[in-house]
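Working notes, structure below.
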Amino acid sequence: MILPLVLLTAAVPPFDPVAATDAYLATVGGAARARSDAYFEGGYWLILWNAAIGMGAAWTLLRLGMVARLSRRAETLARGRKAGRAFLFALFYLALTGIVTLPWAAYVGWVREHQYGMSNQTFVAWTGDWLMGTAIGTILSALAALALLTLYRKRPRSWWAWGTLASGAFLFVGLLLAPVFVEPLFNRYTAMPPSPLRSAILQMAQANGVPARNVLVVDASRQTKRISANVAGVGPTVRVALNDNLLNRTSPDEVRAVMGHELGHYVLNHTASLLVAFTLLAGLFLLVLDYATPWLVARYGQRWNIQGRDDPAMLAPALIVATVLAVLLTPVTNSLVRFHEAQADYFGINASRAPDGWARIALKLGEYRKLEPSPIEEAVFFDHPSGRTRIRMGMEWKAHHLGEPDVR
Ligand SMILES: [Zn+2]
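Positions in the sequence shown are counted from 1; adding 1359 to them yields the working numbering.
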């Protein structure tokens, strides 16, 4: 009995995961590689530019006295009611900064995406999405600002602790409601028609304890050429969706590899752990704001006309501080998300048993994500593992499962 097994093992050619990874990476070169690198590296600078333009707009509105005037106007309209004033001010101010920074948003979201061949949208369609997104974002952010400004006014010492709880609740409600109320405003989600692929996805889901009876397809090609899939929602609103670009441009093994990854997010409870992590980060933000915002106002705010703790205009300098902090914490937030993504990657490779499908998907994702960054670059700027890291994961897995009949 032993001899045939030895022969079988000897018959499998040696497989070097490093060489296999390099062979995959070598298939993307020349102009395609240069374009992907340029697109992604440009994104590093966008972090700084976004922050500079956001802070520049806030600083200008403060110096011109517009923030103070908006605060006075909100007070009049709210007839002295402090909560009404805080909400109206936040609504006006956030809408105003949205409008002031619209040209920049159009460059990043439409012009640049077209330059790199990523976008399928006309400018009119993009503007429609921007208006709807900004309107929803402004109203929700104004409600969050109302809660935080009220706590700041009424609980001078402990507001940041209460604010952390409130932030967690806000994130939870947002995650719960977004798939039901927000996402359908931008895209259509339809049930995937019956097919062997759909059965394979549902089989993989049920085998891993995901009670899915339905696979959704989202018409992301309305906006973009990117392939993607996602899991969203909390508790009763959880759903797994794959986008039509993925379905149209990839083989069934590639789709299974992606869906295995998405199931990983679900099975490993990533929504819950990221919710906790980002709530704690919100707490850190509020603690820093508690110290740094009054300092900023005292140091630079002689002409801003902000009238102390009761004045909701404090929101403007607070957002400047938050922007600086967000830039500084970029490596932390990226690494936090990337850590979860890597977990889902391993889960997905195990669930789909399609390491080559996985490698080919990693190459396609490389159209908009640099394939071979340096380790520091990956740690700082990547919120998903790079193409090279992902292909290597797949090839290592393959090396340990060679010759098994269901590995593709
Ligand atoms: Zn993921």
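Every residue gets a Cβ at the ideal spot worked out from N, C-alpha and C, and that includes glycine.
Subject >> Nearest residue (CA-CA) to L1423, options V1683, W1663 and A1641 >> reply: By one-based count along the sequence shown, residue 1423 stands at place 64. Looking at the Cα atoms, W1663 is the closest of the given residues.
Subject >> Extent of the continuous alpha helix (DSSP H) run through L1511 >> reply: Residue mapping note: residue 1511 aligns to position 152 of the sequence shown, counting from 1. Reading the sequence as shown, one finds Tyr at residue 1511 and not Leu. Where Y1511 is concerned, the enclosing alpha helix (DSSP H) stretches over F1482 to K1513.
Subject >> Close Cβ partners of E1731 (< 6 Å) along its chain, the five nearest in sequence each way excluded >> reply: Start at 1 with the first residue of the sequence shown, and residue 1731 comes out as number 372. Closer than 6 Å at the Cβ level, and outside the excluded window around E1731, lie R1747.
**OP:** Taking A1685 as the reference, give the member of P1376, A1410 and F1531 with the closest Cα.
**Re:** Position 326 of the sequence shown, counted from the first residue, corresponds to residue 1685. When only C-alpha atoms are compared, the closest one is A1410.
**OP:** Return helix, strand or coil for V1680, following the three-state DSSP convention.
**Re:** On the sequence shown, residue 1680 is found 321 positions in, with the first residue counted as 1. In this structure, V1680 counts as helix in the three-state DSSP scheme.
Original post:
Mapping DSSP to helix, strand and coil, what is N1628?
Top reply: In the sequence shown, counting from the first residue as 1, residue 1628 sits at position 269. Coil.
Original post:
Between which two residues does the alpha helix (DSSP H) carrying L1453 extend?
Top reply: Indexing the sequence shown from 1 puts residue 1453 at position 94. Segment K1441 to V1459, the alpha helix (DSSP H) holding L1453.
Subject >> Contact set for T1460: own chain, Cβ-Cβ below 7 Å, skip 5 residues either direction >> reply: Counted from its first residue, the sequence shown places residue 1460 at position 101. For T1460, where only same-chain residues beyond five positions count, the Cβ hits under 7 Å are I1412, G1413 and A1416.
Subject >> Integer-rounded CB distance, given that V1626 should sit under 8 Å from L1847 >> reply: Here the chain covers residues 1360 to 1767 and nothing more, so residue 1847 does not appear.
Original post:
Just the Cα atoms here: how many angstroms apart are K1757 and R1608?
Top reply: Along the sequence shown, one-based indexing puts residue 1757 at 398. Along the sequence shown, one-based indexing puts residue 1608 at 249. So the alpha carbons of these two residues sit roughly 24 Å apart.
Original post:
Cβ-heavy atom distance between E1700 and ligand 1 below 7 Å?
Top reply: To locate residue 1700, count along the sequence shown from 1; it is residue 341. Yes; taking the cut-off as 7 Å, the Cβ of E1700 has a heavy atom of ligand 1 nearer than that.
**OP:** Leaving aside the five residues before and after R1615 along the sequence, list all residues of the same chain whose C-beta is less than 8 Å from its C-beta, in chain order.
**Re:** For this step, residue 1615 is matched to residue 256 along the sequence shown. Around R1615: L1556, A1559, I1560, M1563, S1711, A1713 and G1716.
Subject >> Boundaries (first-last residue) of the beta strand (DSSP E) holding A1591 >> reply: On the sequence shown, residue 1591 is found 232 positions in, with the first residue counted as 1. Its beta strand (DSSP E) spans residues A1588 to A1591.
Subject >> For A1651 and A1718, the rounded distance between their alpha carbons >> reply: Within the sequence shown, residue 1718 is the residue found at index 359, counting from 1. Within the sequence shown, residue 1651 is the residue found at index 292, counting from 1. Between A1718 and A1651, the C-alpha separation is close to 46 Å.
**OP:** Thinking P1671 and R1444 are a contact (beta carbons under 8 Å), I'd like their distance in whole angstroms, please.
**Re:** Mapped onto the sequence shown, residue 1671 falls at position 312. Mapped onto the sequence shown, residue 1444 falls at position 85. Here P1671 really is in contact with R1444; their C-beta atoms are around 6 Å apart, less than 8 Å.
**OP:** Using 7 Å as the cut-off, classify the Cβ of A1564 as near or not near the heavy atoms of ligand 3, replying yes or no.
**Re:** No copy of ligand 3 appears in this structure; the ligands present are ligand 1.
Original post:
Can T1549 and L1575 be called in contact, C-beta distance under 8 Å?
Top reply: Working through the sequence shown from its first residue, we reach residue 1549 at position 190. Working through the sequence shown from its first residue, we reach residue 1575 at position 216. It is a contact, given that the beta carbons lie within the stated cut-off.
**OP:** Could you check if E1400 is buried or exposed, using at least 16 other CB atoms within 10 Å of its CB as the buried criterion?
**Re:** Here residue 1400 is taken as the residue at index 41 of the sequence shown, counted from 1. Burial call: exposed.
Subject >> Cβ of E1400 within 8 Å of any chain D Cβ >> reply: Looking for chain D here will not work: only one protein chain is present.
**OP:** Starting from T1609, trace the beta strand (DSSP E) both ways and give me its first and last residue.
**Re:** Counted from its first residue, the sequence shown places residue 1609 at position 250. First-last for T1609: undefined, no H or E at that position.
Original post:
Which value, in whole angstroms, describes the spacing of the CA atoms of Q1480 and H1760?
Top reply: On the sequence shown, position 121 is the one that residue 1480 refers to. On the sequence shown, position 401 is the one that residue 1760 refers to. So the two alpha carbons sit approximately 43 Å from each other.
**OP:** Please confirm whether any heavy atom of ligand 1 lies closer than 7 Å to the CB of G1579.
**Re:** The residue given as residue 1579 occupies position 220 in the sequence shown. According to the sequence displayed, residue 1579 carries Ala and not Gly. Every heavy atom of ligand 1 is 7 Å or more from the Cβ of A1579, so no.
Original post:
Which residues bound the beta strand (DSSP E) around Y1705?
Top reply: Here residue 1705 refers to the residue found at position 346 when the sequence shown is read from its first residue. Residue range T1689 to S1711 is occupied by the alpha helix (DSSP H) that includes Y1705, with no beta strand (DSSP E) assigned at that position.
Original post:
How would you label K1513, buried or exposed, when you count the other beta carbons within 10 angstroms and need 16 or more for buried?
Top reply: As a first step, residue 1513 is located in the sequence shown; it is residue number 154 there, counting from the start. When all chains shown are included, K1513 counts as exposed.
Subject >> N- and C-terminal bounds of the alpha helix (DSSP H) containing T1435 >> reply: Numbered from its first residue, the sequence shown carries residue 1435 at position 76. For T1435, the enclosing alpha helix (DSSP H) covers residues M1425 to L1436.
Original post:
Where does R1749 fall in DSSP's three states?
Top reply: Counting from one through the sequence shown, the residue named residue 1749 turns up at place 390. Helix.
Original post:
Does the pairing of the segment 1444-1453 with the segment 1488-1502 give three or more beta-carbon distances under 8 Å?
Top reply: yes
Subject >> Helix, strand or coil at W1756 [DSSP, three-state] >> reply: Your numbering for residue 1756 matches position 397 in the sequence shown. Helix, per DSSP.
Subject >> Cβ neighbour criterion (16 or more within 10 Å) applied to F1310 >> reply: No statement about residue 1310 is possible, as the shown extent of the chain runs from 1360 to 1767 and does not include it.
**OP:** For R1572, count neighbouring C-beta atoms within 10 Å of its own C-beta (all shown protein chains included) and say buried if the count is 16 or more, exposed if not.
**Re:** For this step, residue 1572 is matched to residue 213 along the sequence shown. Counting Cβ neighbours within 10 Å, R1572 comes out exposed, since fewer than 16 surround it.
Subject >> Which of helix, strand or coil DSSP assigns to L1761 >> reply: To locate residue 1761, count along the sequence shown from 1; it is residue 402. In this structure, L1761 counts as coil in the three-state DSSP scheme.
Subject >> Where N1409 falls: helix, strand or coil (DSSP) >> reply: Position 50 of the sequence shown, counted from the first residue, corresponds to residue 1409. If DSSP states are grouped into helix, strand and coil, N1409 belongs with the helices.
**OP:** Output yes or no for whether 8 Å exceeds the beta carbon distance between V1590 and E1621.
**Re:** As a first step, residue 1590 must be located in the sequence shown, where it is residue number 231. As a first step, residue 1621 must be located in the sequence shown, where it is residue number 262. Yes; because the gap between Cβ atoms is below 8 Å, this pair is in contact.
Subject >> Burial state of V1532, where buried means 16 or more other Cβ atoms lie within 10 Å >> reply: As a first step, residue 1532 must be located in the sequence shown, where it is residue number 173. Under the 10 Å beta carbon count, V1532 is surrounded by fewer than 16 other beta carbons and is classified as exposed.
Original post:
Cβ of R1581 within 8 Å of Cβ of P1538?
Top reply: Position 222 of the sequence shown holds residue 1581. Position 179 of the sequence shown holds residue 1538. No, these two residues do not count as a Cβ contact at 8 Å.
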